[in-house]
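> Residue numbers (my numbering), protein chains in the order written: chain P, 6 to 250; chain S, 6 to 250.
What follows is a single structure, and I will ask about it in a moment.
Protein chains: 2
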Amino acid sequence: MTEKEFLASYDPDKYKKPSVTADILIFTINKSSELELLLIKRKEHPFKDKWAIPGGFVGISESVEDAAKRELLEETGIEQGYLEQLYTFSKVDRDPRMRIISVAHFALVPWQLLNFKAGDDAADAKLFKIKMENWELALVAKDGTTLHEKDLTFDHKDIVLMGLKRLSGKLDYSNIAFELLQNKECFTIFELKQIYDAIKGKTSDLGNFRRMFKSRYVSESHVEEINQMSDEFSKKKAQCYRYIG
Amino acid sequence: MTEKEFLASYDPDKYKKPSVTADILIFTINKSSELELLLIKRKEHPFKDKWAIPGGFVGISESVEDAAKRELLEETGIEQGYLEQLYTFSKVDRDPRMRIISVAHFALVPWQLLNFKAGDDAADAKLFKIKMENWELALVAKDGTTLHEKDLTFDHKDIVLMGLKRLSGKLDYSNIAFELLQNKECFTIFELKQIYDAIKGKTSDLGNFRRMFKSRYVSESHVEEINQMSDEFSKKKAQCYRYIG
DNA sequence: GCAAAAGTGTTCTAGCTACACCCATGC
DNA sequence: GCATGGGTGTAGCTAGAACACTTTTGC
């Protein structure tokens, strides 16, 4: 039997298959420099009317990344933003409908680009501030809607926690923080520090942050000074920078 | 329609689904303290008689982790060893048979436990030393069989490279190196250094490594001195340690 | 004047690097 | 005696943390 014959006679549906979804944690930093996560209220069973991470099935002729991108677009109207694969969750009973494997992702989106609306599968969509209270996750929307970690459906609590850990960890050895800037072409050191603080969940020393910024980003040419000053975040004019890569 | 009714009427096979496999990079350190990777020679189409990473389909009622564990057992006879999920690869055309999404893993196995034989799907199985030549991956078996990175089937080159990068990176902030020790209950500092050097691909200063070992592992109680000396790796007797966790 | 950010300087520590040096021992 | 690992010591560099200080400016 040649390879060609083999392929022609191969039956892809011989065995029962799990379904695969791409789920996305959509993070943003709001105007008050707080970390927020987009959740949707489910319109359909299972867990109708509960809050969950957006996601959708991976089609037969698209990659998982494409499915995640599509989902991000549907949910937020964003054509391209930072998107990274997080982890694949596959507990057998994680979905009551049937066997579903979820490839979780996270996206970083500047708040002013976020134009979300309830999608096809969502009765509602909201941004929730992320807090840690008594070592447990708490999610609070602007209108006061409060979710405890146990209120998250499926295994979404695990996904959110892993996402937060990864995000916080990557601040130290990558350039992802820049993805949350309002404007990568013109920003101040303080603005970036706000993003760091929001993700790390603590306020760092401004003087030290400046030095870190200069040695790690300016000296290494990830960023350059531009001929522009800003007083958006302070009374005194501040030097603006441009993100290069 | 209640949730119960919804679930009862739900058809899991409404849409075409991709297949999912768990593939696994099985790393070991050989007697000469070199990093090796287990590859199998494919017995079936596609890519019959080519070398590939072991892997298998994820069944409808097992998690991806379970499938990877099962694969590790089948391929190496190892009941439990270090296993970690690496990344999910999903390019649409990565497998000529059909749409297959691969959740790649890596396993760390001490060489003396490695009792591999060709499994059901393999005509042969071999350990390959990992080298970088001209910035490209080269794999060399003890019998001289040499593979270039382009000889790896599917997208296995990408998987191997990502695995190596992750492995090397995790040495700096985790305890995975201990998983490759012949005996976690009794080992010398030199033995651990050999593992580090093999993975990093360079020899580090022994004196400095000792100090790092003591401040990072002994002082932090990941490891403890035991009442035993070894001369397996040197003429002079060396202090033995025990890995705690 | 006060608060808050812009920006600089200082001091201390911890960790890593590159060494140089001892000891023990098998060949 | 020489190579090799076991083991310690030292000096230098760097990044980070903690903190003090000066400047600008809107309120």
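Glycine included, each C-beta is placed from N, C-alpha and C at the ideal position.
Use the C-beta contact count for S/Y15: other C-beta atoms within 10 angstroms, 16 or more gives buried, fewer gives exposed.
Locating residue 15 of chain S in the second sequence gives position 10, counting from the first residue. Its Cβ having fewer than 16 others within 10 Å, S/Y15 is exposed.
> Pick from P/F238, P/E230, P/Y222: whose alpha carbon is nearest that of P/G250?
For the purposes of this step, residue 250 of chain P is taken as the residue at position 245 of the first sequence. Here the closest residue by C-alpha is P/Y222.
> Does the beta-carbon of P/I231 have 16 or more other beta-carbons within 10 angstroms, so that it is buried, or is it exposed?
Here residue 231 of chain P corresponds to residue number 226 of the first sequence, with the count starting at 1. Exposed.
> Distance, Cα to Cα, S/L132 vs S/D156?
In the second sequence, residue 132 of chain S corresponds to position 127, counting from 1. In the second sequence, residue 156 of chain S corresponds to position 151, counting from 1. Their backbone Cα atoms lie some 15 Å apart in a straight line.
> Please report the straight-line C-alpha distance between P/G61 and S/V114, rounded to a whole angstrom.
Locating residue 61 of chain P in the first sequence gives position 56, counting from the first residue. Locating residue 114 of chain S in the second sequence gives position 109, counting from the first residue. Computed Cα separation, rounded: 37 Å.
> Which residue from P/K46, P/D28, P/I34, P/D18 puts its Cα closest to that of P/G206?
What you label residue 206 of chain P is simply residue 201 of the first sequence in a count that begins at 1. With distances taken between Cα atoms, P/G206 lies closest to P/I34.
> Please state if the CB of S/E41 and the CB of S/F32 are separated by a distance shorter than 9 Å.
As a first step, residue 32 of chain S is located in the second sequence; it is residue number 27 there, counting from the start. As a first step, residue 41 of chain S is located in the second sequence; it is residue number 36 there, counting from the start. Closer than 9 Å, so yes.
> Determine whether the Cβ of P/Y92 lies closer than 9 Å to any Cβ atom of chain S.
Taking the first sequence and counting its residues from 1, the one referred to as residue 92 of chain P is at position 87. With 9 Å as the cut-off, P/Y92 counts as an interface residue toward chain S.
> Find the residues of chain S that neighbour P/Y20, judging by a C-beta separation of less than 7 Å, and give them in chain order.
As a working note, residue 20 of chain P is residue 15 in the first sequence. Correct list: F62.
> Rounded to the nearest angstrom, how far is the Cβ of S/D210 from that of S/H110, given a contact under 8 Å?
Taking the second sequence and counting its residues from 1, one reaches residue 210 of chain S at position 205. Taking the second sequence and counting its residues from 1, one reaches residue 110 of chain S at position 105. Contact flag wrong, Cβ pair sits at about 33 Å.
> Quick check: is the beta carbon of S/K96 nearer than 9 Å to any beta carbon in chain P?
On the second sequence, residue 96 of chain S is found 91 positions in, with the first residue counted as 1. It does: the Cβ of S/K96 has a partner Cβ on chain P nearer than 9 Å.
> Enumerate in chain order the residues of its own chain whose CB-to-CB distance from S/H161 is below 7 Å, with the five nearest sequence positions on each side excluded.
Position 156 of the second sequence holds residue 161 of chain S. Closer than 7 Å at the Cβ level, and outside the excluded window around S/H161, lie A57, I58.
> Using only CA atoms, which one of P/V165, P/G149, P/K198, P/I164 lies nearest to P/L176?
Here residue 176 of chain P refers to the residue found at position 171 of the first sequence. For P/L176, the nearest C-alpha among the options comes from P/K198.
> With DSSP collapsed to three states, give me the class of S/E70.
Residue numbering aside, residue 70 of chain S sits at position 65 when the second sequence is read from its first letter. Of the three classes helix, strand and coil, the one that applies to S/E70 here is helix, per DSSP.
> Counting only C-beta atoms, is P/T7 closer than 9 Å to chain S at any point?
Residue numbering aside, residue 7 of chain P sits at position 2 when the first sequence is read from its first letter. By this cut-off, P/T7 is an interface position.
> Using C-beta distances below 7 Å, list every residue in its chain close to S/L119, excluding the 5 sequence neighbours before and after it, in chain order.
Sequence index remark: in the second sequence, residue 119 of chain S carries index 114 (1-based). Excluding residues within five positions, the ones whose Cβ falls inside 7 Å are T33, T81.
> Should S/Y178 go down as buried or exposed, given a rule of 16 or more other Cβ atoms within 10 Å for buried?
Numbered from 1 along the second sequence, position 173 holds the residue referred to as residue 178 of chain S. Burial call: exposed.
> Taking Cβ-Cβ distances below 9 Å as the criterion, which residues of the stretch 60 to 85 of chain P are in contact with chain S?
Listed in sequence order: F62, V63, G64, I65, S66, E67, S68, V69, E70, D71, A72.
> Could you give the residue range of the beta strand (DSSP E) that holds P/I31?
Here residue 31 of chain P refers to the residue found at position 26 when the first sequence is read from its first residue. Per DSSP, P/I31 belongs to the beta strand (DSSP E) from 24 to 34.
> Using DSSP's beta-bridge definition, name the partner residues of P/F111.
Position 106 of the first sequence, counting from 1, holds the residue named residue 111 of chain P. P/F111 is bridged to P/L30, P/E89.
> Along the beta strand (DSSP E) that carries S/Y248, what are the first and last residues, could you check?
Locating residue 248 of chain S in the second sequence gives position 243, where the first residue counts as 1. Taken as a continuous stretch (DSSP letters only), the beta strand (DSSP E) holding S/Y248 covers 243 to 248.
> Using a 10 Å radius around the Cβ and a threshold of 16 neighbouring Cβ atoms, would you call P/D18 buried or exposed?
Position 13 of the first sequence, counted from the first residue, corresponds to residue 18 of chain P. Under this definition P/D18 is an exposed residue.
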